[in-house]
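Read the structure below first, then the notes.
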Amino acid sequence: MSKEIVCSGIRPTGNLHVGNYFGALRNFVRMQDDFDCFFFIADYHSLTTHPTPDNLYNNARQILIQYLACGLDPEKATIYLQSDLPETIELYLFLNMNAYLGELERVAAFKDKVRQQPNNVNAGLLTYPTLMAADILIHKATKVPVGKDQEQHLEMTRTFANRFNNMYKNEVFPLPQAFNYNDNLIKIPGLDGSGKMGKSEGEANCIFLNDEPSVIKKKIMRAKTDNGPEAMNQTKPVEIENLFTLMKAVSTPDTVAYFDDLYNHCQIRYGDLKKQLAEDMVAFTTPLRERINEIAADEDKLRRIMDMGRDKAHESALRTLTEVRHVIGYRN
Ligand code: TRP
């Protein structure tokens, strides 16, 4: 029996951090064993912000390297650059013919952009959801691993797919659903005592997978703490709980229990906890950083991986597009 098809796009925005690792990344790595996966770097979508040619290429390359270093396997999954699959754009055009201004304008992410960048409300931004739908439907994917913020886009994908099927009285496209392994998502907090690890909260809030050990130590030693517990077994304030959450991700259960016990007995010294956390974080990221550097140094291998992904993606896309063209009425 053939496996279900998974498809997800990765925005090429700078370096990956530990939060990305324990979120999407680990899930992708697990999915490649369970499903027929298509993972691509969304380097068409990134044009909405008008990157320079050098940035466009280097960001895509960098993110690919980091995903490979974390265990995405080009032998198992199809890993490719979106711009290596121009078939996507033809499907995007077809879908745009039945995408309406009103519904596109109502998308929350679009409205945010209009507010944030009133001088660059381009048509690419408006039709971001049709391009995303094309990404998914070109492979007839049924499962799409995305976060909450992408659910509305996915809903649009179903709308477009359904509309196309009805219009041509044909079941060309399956209706894709959001998908994640719930037991595998750990929300990693940032170092500033609030929310989650994210670049928008500042570089110091994140531990990047390719941060040097000295940088990691510095960032962790500067993480926010309070004056220490005042009563036995008290609930931890957020910033302290955050440090324990980070510790749970990268340290042994014994280590976590040891510091938890000290906290509960009001004997904790945050300096010691941070030193241990930094050490375990460095131990966790070091093999990843080394693999990132290793892969980055092998341009030929990287090229081969990209070519292989492009060829596999092309085969799948052409199959769908041939059917779509025929259904629409192109007979050549
Ligand atoms: N919009 C997604 C994001 O911002 C990236 C993306 C582009 C995507 N095309 C996709 C995700 C197709 C899933 C499927 O994260």
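Numbering of the sequence shown is given in my numbering, commencing with residue 163 and proceeding in unit increments.
Even glycine gets a Cβ: it sits at the ideal position worked out from N, Cα and C.
Every value quoted in this text rests on a predicted model; they were computed, and no experiment measured them.
*Is G171 near ligand 1, with its Cβ less than 7 Å from a heavy atom?*
As a first step, residue 171 is located in the sequence shown; it is residue number 9 there, counting from the start. Short note on G171: C-beta closer than 7 Å to some heavy atom of ligand 1.
*For the putative contact between L371 and V180, defined by C-beta atoms under 8 Å, what is the C-beta separation to the nearest angstrom?*
For the purposes of this step, residue 371 is taken as residue 209 along the sequence shown, with counting starting at 1. For the purposes of this step, residue 180 is taken as residue 18 along the sequence shown, with counting starting at 1. Rounded, the Cβ-Cβ distance is 7 Å, consistent with contact.
*On the premise that T482 lies in contact with I369, defined as a C-beta separation below 8 Å, what is that separation, rounded to the nearest angstrom?*
Here residue 369 corresponds to residue number 207 of the sequence shown, with the count starting at 1. Here residue 482 corresponds to residue number 320 of the sequence shown, with the count starting at 1. Taking the Cβ atoms as the reference, I369 lies roughly 40 Å from T482, outside the contact range of under 8 Å.
*In whole angstroms, what separates the C-alpha of V400 from that of A231?*
In the sequence shown, counting from the first residue as 1, residue 400 sits at position 238. In the sequence shown, counting from the first residue as 1, residue 231 sits at position 69. Taking the straight line from one Cα to the other gives about 32 Å.
_Between the stretch 237-246 and the stretch 191-203, can you find at least three pairs of beta-carbon atoms closer than 8 Å?_
Contact between the stretch 191-203 and the stretch 237-246 is established, with three or more Cβ pairs separated by less than 8 Å.
*What residue range is occupied by the uninterrupted alpha helix (DSSP H) comprising F190?*
The residue you call residue 190 lines up with position 28 of the sequence shown. The continuous alpha helix (DSSP H) containing F190 extends over residues 188-196.
*According to DSSP, residues forming a beta bridge with V283*: The residue you call residue 283 lines up with position 121 of the sequence shown. Secondary-structure assignment with DSSP links V283 through no beta bridge to anything.
_Outcome for T448 when other beta-carbon atoms lying within 10 angstroms are tallied against a minimum of 16_ = For the purposes of this step, residue 448 is identified with residue 286 of the sequence shown, where counting begins at 1. T448 is exposed by the Cβ-count criterion.
*Reference N281; option with closest CA among I382, S164, T210, P391*: One-based indexing of the sequence shown puts residue 281 at position 119. When each option's Cα is compared against that of N281, the closest is T210.
*Could you spell out the range, first to last residue, of the alpha helix (DSSP H) harbouring Y420?*
Within the sequence shown, numbered from 1, the residue matching residue 420 stands at position 258. Residues 415-426.
*Could you check what DSSP says for G433 in three-state terms: helix, strand or coil?*
Counted from its first residue, the sequence shown places residue 433 at position 271. Helix.
*Give every residue of the same chain whose Cβ lies closer than 6 Å to the Cβ of G246, excluding the five residues on either side of it in the sequence, and list them in chain order.*
Taking the sequence shown and counting its residues from 1, one reaches residue 246 at position 84. The sequence given here places Asp at residue 246; Gly does not occur at that position. These residues qualify, in order along the chain: R472.
_Start and end residues, beta strand (DSSP E) containing Y206_ = Against the sequence shown, residue 206 aligns to sequence position 44. Note, Y206: premise wrong, no beta strand (DSSP E); not H, not E.
*What does a CB cutoff of less than 8 Å around G185 pick up in its chain, not counting 5 residues either side in sequence?*
Indexing the sequence shown from 1 puts residue 185 at position 23. Excluding sequence neighbours, G185 sits near G309, L347, I348, K349, I350.
*With a cut-off of 8 Å on the beta carbons, I'd call V334 and E485 a contact; round off their distance for me.*
Counting from 1 along the sequence shown, the entry for residue 334 is found at position 172. Counting from 1 along the sequence shown, the entry for residue 485 is found at position 323. Going by Cβ atoms, the distance from V334 to E485 rounds to 6 Å, so yes, they are a contact pair.
*asked:* Is H207 a contact residue of ligand 1, with contact defined as CB to any heavy atom under 7 Å?
replied: Counting from one through the sequence shown, the residue named residue 207 turns up at place 45. True, at least one ligand heavy atom lies under 7 Å from that Cβ.
*asked:* Less than 7 Å between C-beta atoms, sequence neighbours within five positions excluded: which residues of the same chain meet that for M193?
replied: What you label residue 193 is simply residue 31 of the sequence shown in a count that begins at 1. V168, C199, P307.
_For Q339, the residue or residues it bridges with in DSSP_ = The residue labelled residue 339 in the question sits at position 177 within the sequence shown. Paired residues: K305.
*With a Cβ-Cβ cutoff of 8 Å, do S504 and P174 count as a contact?*
Because the chain here runs from 163 to 494, residue 504 falls outside it and cannot be looked at.
*Could you name the residues that DSSP lists as bridge partners for H179?*
Position 17 of the sequence shown, counted from the start, is the residue given in the question as residue 179. The partner list for H179 (beta bridge, DSSP) reads F370.
*Where does D298 sit, in a helix, a strand or coil, going by DSSP?*
Start at 1 with the first residue of the sequence shown, and residue 298 comes out as number 136. It is worth fixing the name first, because residue 298 is Ile in this sequence and not Asp. DSSP, reduced to helix, strand and coil, places I298 within a helical segment of the structure shown.
*DSSP on T240, reduced to helix/strand/coil?*
Here residue 240 corresponds to residue number 78 of the sequence shown, with the count starting at 1. Looking at T240 - three-state DSSP - the assignment turns out to be strand.
*Can you give me the start and stop residues for the beta strand (DSSP E) that V168 sits inside?*
Working through the sequence shown from its first residue, we reach residue 168 at position 6. 167-172 is the extent of the beta strand (DSSP E) around V168.
*asked:* Closer than 7 Å to a non-hydrogen atom of ligand 1 - does that hold for the CB of D297?
replied: As a working note, residue 297 is residue 135 in the sequence shown. Relative to ligand 1, the nearest heavy atom lies less than 7 Å away from the CB of D297.
_Enclosing alpha helix (DSSP H) for D462 [first to last residue]_ = Stepping through the sequence shown from its first residue, residue 462 is reached at position 300. That run of the alpha helix (DSSP H) goes 461-490.
*Please say whether K305 and P338 have beta carbons closer to each other than 8 Å?*
The residue labelled residue 338 in the question sits at position 176 within the sequence shown. The residue labelled residue 305 in the question sits at position 143 within the sequence shown. Cβ distance < 8 Å, so P338 and K305 count as in contact.
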